[in-house]
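If you read the sequences in order, they're chains U and E. 21 is the number that our numbering gives to position 21 of the first sequence; each next residue is one higher, with no gaps. 289 is the number that our numbering gives to position 289 of the second sequence; each next residue is one higher, with no gaps. Note that beta-carbon positions come from the ideal geometry of N, C-alpha and C, so glycine has one too. What follows is one structure encoded as structure tokens, with my remarks underneath.
2 protein chains.
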Amino acid sequence: MMNETAIGIDIGGTNTVMGLVDREGSILKRHIIPTDTHPDYSIYMNSLCAAIDTLISKEGSETSIRGIGVGAPNGNYYNGTIEFAPNLKFKGVVPVVDFLRERYPMEVIVLTNDANAAAIGEMIYGGAKGMRDFIMITLGTGVGSGIVVNGEMVYGHDGFAGEIGHTIVDPKGRKCGCGRRGCLETYTSAQGIKRTVFELLAEMTEPSALRKVSFENLSAHMIDEAARSGDPIALEAFDRTGRVLGLKLADAVAHTSPSAIFLFGGLAQAGDLIFKPVQHYMEEYMLNIFKNKVKLLPSKLPPGDAAILGASALVWKEVDISKR
Amino acid sequence: MMNETAIGIDIGGTNTVMGLVDREGSILKRHIIPTDTHPDYSIYMNSLCAAIDTLISKEGSETSIRGIGVGAPNGNYYNGTIEFAPNLKFKGVVPVVDFLRERYPMEVIVLTNDANAAAIGEMIYGGAKGMRDFIMITLGTGVGSGIVVNGEMVYGHDGFAGEIGHTIVDPKGRKCGCGRRGCLETYTSAQGIKRTVFELLAEMTEPSALRKVSFENLSAHMIDEAARSGDPIALEAFDRTGRVLGLKLADAVAHTSPSAIFLFGGLAQAGDLIFKPVQHYMEEYMLNIFKNKVKLLPSKLPPGDAAILGASALVWKEVDISKR
Numbered sequence: 001m002m003n004e005t006a007i008g009i010d011i012g013g014t015n016t017v018m019g020l021v022d023r024e025g026s027i028l029k030r031h032i033i034p035t036d037t038h039p040d041y042s043i044y045m046n047s048l049c050a051a052i053d054t055l056i057s058k059e060g061s062e063t064s065i066r067g068i069g070v071g072a073p074n075g076n077y078y079n080g081t082i083e084f085a086p087n088l089k090f091k092g093v094v095p096v097v098d099f100l101r102e103r104y105p106m107e108v109i110v111l112t113n114d115a116n117a118a119a120i121g122e123m124i125y126g127g128a129k130g131m132r133d134f135i136m137i138t139l140g141t142g143v144g145s146g147i148v149v150n151g152e153m154v155y156g157h158d159g160f161a162g163e164i165g166h167t168i169v170d171p172k173g174r175k176c177g178c179g180r181r182g183c184l185e186t187y188t189s190a191q192g193i194k195r196t197v198f199e200l201l202a203e204m205t206e207p208s209a210l211r212k213v214s215f216e217n218l219s220a221h222m223i224d225e226a227a228r229s230g231d232p233i234a235l236e237a238f239d240r241t242g243r244v245l246g247l248k249l250a251d252a253v254a255h256t257s258p259s260a261i262f263l264f265g266g267l268a269q270a271g272d273l274i275f276k277p278v279q280h281y282m283e284e285y286m287l288n289i290f291k292n293k294v295k296l297l298p299s300k301l302p303p304g305d306a307a308i309l310g311a312s313a314l315v316w317k318e319v320d321i322s323k324r
Numbered sequence: 001m002m003n004e005t006a007i008g009i010d011i012g013g014t015n016t017v018m019g020l021v022d023r024e025g026s027i028l029k030r031h032i033i034p035t036d037t038h039p040d041y042s043i044y045m046n047s048l049c050a051a052i053d054t055l056i057s058k059e060g061s062e063t064s065i066r067g068i069g070v071g072a073p074n075g076n077y078y079n080g081t082i083e084f085a086p087n088l089k090f091k092g093v094v095p096v097v098d099f100l101r102e103r104y105p106m107e108v109i110v111l112t113n114d115a116n117a118a119a120i121g122e123m124i125y126g127g128a129k130g131m132r133d134f135i136m137i138t139l140g141t142g143v144g145s146g147i148v149v150n151g152e153m154v155y156g157h158d159g160f161a162g163e164i165g166h167t168i169v170d171p172k173g174r175k176c177g178c179g180r181r182g183c184l185e186t187y188t189s190a191q192g193i194k195r196t197v198f199e200l201l202a203e204m205t206e207p208s209a210l211r212k213v214s215f216e217n218l219s220a221h222m223i224d225e226a227a228r229s230g231d232p233i234a235l236e237a238f239d240r241t242g243r244v245l246g247l248k249l250a251d252a253v254a255h256t257s258p259s260a261i262f263l264f265g266g267l268a269q270a271g272d273l274i275f276k277p278v279q280h281y282m283e284e285y286m287l288n289i290f291k292n293k294v295k296l297l298p299s300k301l302p303p304g305d306a307a308i309l310g311a312s313a314l315v316w317k318e319v320d321i322s323k324r
């Protein structure tokens, strides 16, 4: 039997990465095109299709391609559209799936937001294999989430469910890119922990290597390095970040009671520095009946390939559903 | 064809109410036994069975009884047990469904917590007919919730999902019966709005009829009446209650994106006094993509019969699932 593959496409603010992926999560062929040089979506979509053609023409011809999965910010599963994505140059509603359907006669062409794609990637290739109830939290430039209940992605009535990054920690808190105040994302994204460091530089008097660095120059990586060398400000910043994330994860558990929560993205790679306080505070803030039940785990998806893998996993998920 | 019925049983802290209910939600026959005079669960279960026998022997013999549904505090759907319910005298884990299975050879015998039963009641007989994604909030002595996603109850990996009443508003806030601080329940239950009134009596200087009433004597009904006559403390108490509930419902929307949220219970019967501020603040605190989409609705279940109806609805839900 011919090896089956799926095309996974991740549309990011700067670049669009894509790959031809087999059932086990091996990426047989990759491609990359810029996203942001194409403010007009039809020009972008044409160059996206040209890139897909390249993937198909090379390795693809030796495999049976089951479909195309697309992960994108503000991606809507029901409509197959990208809707008003603040970090993309396309304006309004972009009908990605309809455009691809006219070009490619594949059985499955599906799109969702990037955090949902990561969750499905974890379920198909990663640490959530066989899990029926779990939550994926992506800690990157923003904070995204994908919620799985009874083995199915929670899309909600409108296709936009799973925005735990925009639950509110403090309604009078930090300004968020979404226009409101105090969203989880303003505390636990890469930018969030940086804001916490600056709050602590003002609040605490301890010496710190981070006192030499401007707001613009400070990176999450520098905070990580400072913490590893025992810097008191950096360590406290991780503790506070863990407390806020633990608090809102305890709330999330009270909603869907998952057996595990996976952390993915830059901040998750800080390892124990972030996992220990998150675990500690999540347990502290959790209702009794949920305590000591929920596993807090690092994503098993390889960081560099997670976006392509998650997008391609969308295809296998649909194929599995239609098999039932 | 013989009229089909289901037995609905609601186990409350004081009384257990039950009824024989047809597919349209008409209660053909009712019965009530005390719960709290039976600290030993096997004695209680025997008198529960005697009561069920009475229901079956009278009207039941003229109908085809499809099953028994039980709503109970800390009811676990997967195990069919009541587990460590703080408001019941039974200690530990009570295997209600196993006990009933030994007595009654019915195809469906099922148990869940009271708020989940209310949600399923709303779906089978009430305002959520045909809705695939909604949330039920019960505002009573405590605050319960039932979350429905893709037409299915969210039970979580352990059967305890849907505890929105124990999401945290303020980790340094009011002490909760659950042992933690700042749970939604401490602000928006009947007791919660009373606590808010006392906070406001201290904070504000306006005259108020409520200044004449002791904490022990104040009832949610008196706050309702005071608000209707324009009492500034009572009105502010409803506004604050609505703000806190609106905030946490906005968080709930960010999790599962329901098309509607139903409010049920004593406080919900205050009508516009509570619905208007909840709606206002929920919209204010909601992420843009969710704004002006989520209907906030009063439950359509008759307050006096909701518990029996919800419990009986569990049976129809199972019958519907097995039909697929």
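7 Å CB neighbourhood of T233 (chain U) in its chain, flanking five on each side removed: The amino acid at residue 233 (chain U) is misidentified as Thr; the sequence shows Ile. Same-chain partners within the cutoff: V197, L200, L201, M204, E206, S208, L210.
Hey, is F264 (chain E)'s beta-carbon within less than 9 Å of any beta-carbon in chain U? No, because no Cβ of chain U sits closer than 9 Å to the Cβ of F264 (chain E).
Classify K317 (chain E) as buried or exposed, calling it buried when 16 or more other Cβ atoms lie within 10 Å of its own Cβ. Buried, by the Cβ-count rule.
Residue range of the alpha helix (DSSP H) that D10 (chain U) falls in? For D10 (chain U), no alpha helix (DSSP H) encloses it; the enclosing beta strand (DSSP E) starts and ends at 4 to 11.
Classify S64 (chain U) as buried or exposed, calling it buried when 16 or more other Cβ atoms lie within 10 Å of its own Cβ. Exposed, by the Cβ-count rule.
Beta-carbon separation of I52 (chain E) and H255 (chain U) under 9 Å? Annotated as distal: I52 (chain E) and H255 (chain U), with beta-carbon spacing of 9 Å or more.
Comparing the C-beta of I147 (chain E) with each C-beta of chain U, is any distance below 9 Å? For I147 (chain E), the answer is yes, since a Cβ of chain U falls inside 9 Å of its Cβ.
Note down, in chain order, all residues in the segment 140 to 165 of chain E with a beta-carbon under 9 Å from any beta-carbon belonging to chain U. Taking 9 Å as the cut-off between beta carbons, the residues of the segment 140 to 165 of chain E near chain U are S145, I147, V149, N150, E152, V154, Y155, G156, H157, D158, G159, F160, A161, G162, E163, I164, G165, in sequence order.
Out of curiosity, what's the CA-to-CA distance linking I274 (chain E) and V244 (chain U)? Taking the straight line from one Cα to the other gives about 30 Å.
Can you list the residues of chain E that A252 (chain U) reaches, using a CB-CB cut of under 8 Å? Those are H255, listed as they occur along chain E.
Looking only at its chain, what residues have a beta carbon closer than 8 Å to the beta carbon of D239 (chain E), apart from the 5 residues adjacent to it on each side? Closer than 8 Å at Cβ, skipping near neighbours: P277.
Would you check if there are 3 or more beta carbon pairs closer than 8 Å linking the segment 108 to 124 of chain U to the segment 74 to 87 of chain U? Three or more Cβ pairs closer than 8 Å define a contact, and the segment 108 to 124 of chain U meets that threshold against the segment 74 to 87 of chain U.
Regarding I56 (chain E) and the ligand FAD, is the C-beta to nearest heavy atom distance less than 8 Å? Inclusion of the ligand FAD in the displayed structure is not the case, the ligand content being empty and no account of it being possible.
Which partner residues of H31 (chain U) appear in the DSSP bridge assignment? In the DSSP assignment, H31 (chain U) forms a beta bridge with U:M18.
If the cut is a Cβ gap below 9 Å, which residues of chain E does R174 (chain U) touch? The contact set of R174 (chain U) on chain E, defined by CB atoms closer than 9 Å, is empty, because the minimum CB distance reaches about 15 Å.
Just the Cα atoms here: how many angstroms apart are G265 (chain E) and T138 (chain E)? C-alpha of G265 (chain E) to C-alpha of T138 (chain E): approximately 5 Å in a straight line.
Could you check whether the Cβ of I68 (chain U) sits closer than 9 Å to any Cβ belonging to chain E? It does not; no Cβ of chain E falls within 9 Å.
Using the beta-carbon count (16 or more within 10 Å), is H31 (chain U) buried or exposed? The residue in question, H31 (chain U), is buried, as its Cβ has 16 or more Cβ neighbours within 10 Å.
How would you call E185 (chain U), buried or exposed, if buried means at least 16 neighbouring beta carbons within 10 angstroms? By the Cβ neighbour-count rule, E185 (chain U) is buried, with 16 or more other Cβ atoms within 10 Å of its own.
Per-residue DSSP class, three states only, for N46 (chain U): Assigned with DSSP and collapsed to three states, N46 (chain U) falls in helix.
Interface residues of chain E facing Y285 (chain U) [CB-CB closer than 8 Å]: Result: I168, P171, R180.
Interface residues of chain U around N288 (chain E) at Cβ under 7 Å? Per Cβ cutoff of 7 Å: C178, G179.
Whole angstroms are fine: how far does the CA of S322 (chain E) sit from the CA of A149 (chain U)? Residue identity differs from the one stated: residue 149 (chain U) is Val in this sequence, not Ala. Computed Cα separation, rounded: 20 Å.
Do the segment 122 to 141 of chain U and the segment 308 to 316 of chain U meet, that is, are 3 or more Cβ pairs less than 8 Å apart? Taking 8 Å as the limit for Cβ pairs, the verdict is that the segment 308 to 316 of chain U does touch the segment 122 to 141 of chain U.
Y155 (chain U) versus L235 (chain U) - alpha carbon distance: Their Cα atoms are separated by approximately 36 Å.
G142 (chain U) to M136 (chain U) span [Cα, whole Å]: Cα-Cα distance, rounded: 14 Å.
Does any residue of chain U have a CB that is nearer than 9 Å to the CB of F90 (chain E)? False, the Cβ-Cβ gap to chain U never drops below 9 Å.
Using a Cβ cut-off of 9 Å (strictly closer), state whether K129 (chain U) contacts chain B. Of the protein chains in this structure, namely U and E, none is chain B.
Output, in chain order, the set of chain E residues within a Cβ distance shorter than 9 Å of P326 (chain U). An answer regarding residue 326 (chain U) cannot be provided, because it is not within the stretch 1 to 324 covered by chain U.
Please list, in chain order, the residues of the segment 290 to 301 of chain E that have any C-beta partner in chain U closer than 9 Å. Cβ contacts with chain U come from F290, K293, V294.
Just tell me which of U:I82, U:Y41, U:S26 has its CA closest to the CA of D158 (chain U). Measuring from the Cα of D158 (chain U), the nearest candidate turns out to be U:I82.
Using a Cβ cut-off of 8 Å, pull out every chain U residue sitting near L247 (chain E), in sequence order please. Per Cβ cutoff of 8 Å: I168, P171.
CB A250 (chain U) to CB I168 (chain E), shorter than 9 Å? A Cβ-Cβ contact shorter than 9 Å links A250 (chain U) with I168 (chain E).
Consider the Cβ of N116 (chain U): report whether some Cβ of chain E lies at a distance smaller than 9 Å. No, because no Cβ of chain E sits closer than 9 Å to the Cβ of N116 (chain U).
Could you tell me if D40 (chain E) is buried or exposed, where buried requires 16 or more neighbouring beta carbons within 10 angstroms of its beta carbon? Classification of D40 (chain E): exposed, given that the 10 Å Cβ count is below 16.
Candidates E:K175, E:D170, E:R174: closest to G173 (chain U) by CA position: The residue with the shortest Cα to Cα distance from G173 (chain U) is E:D170.
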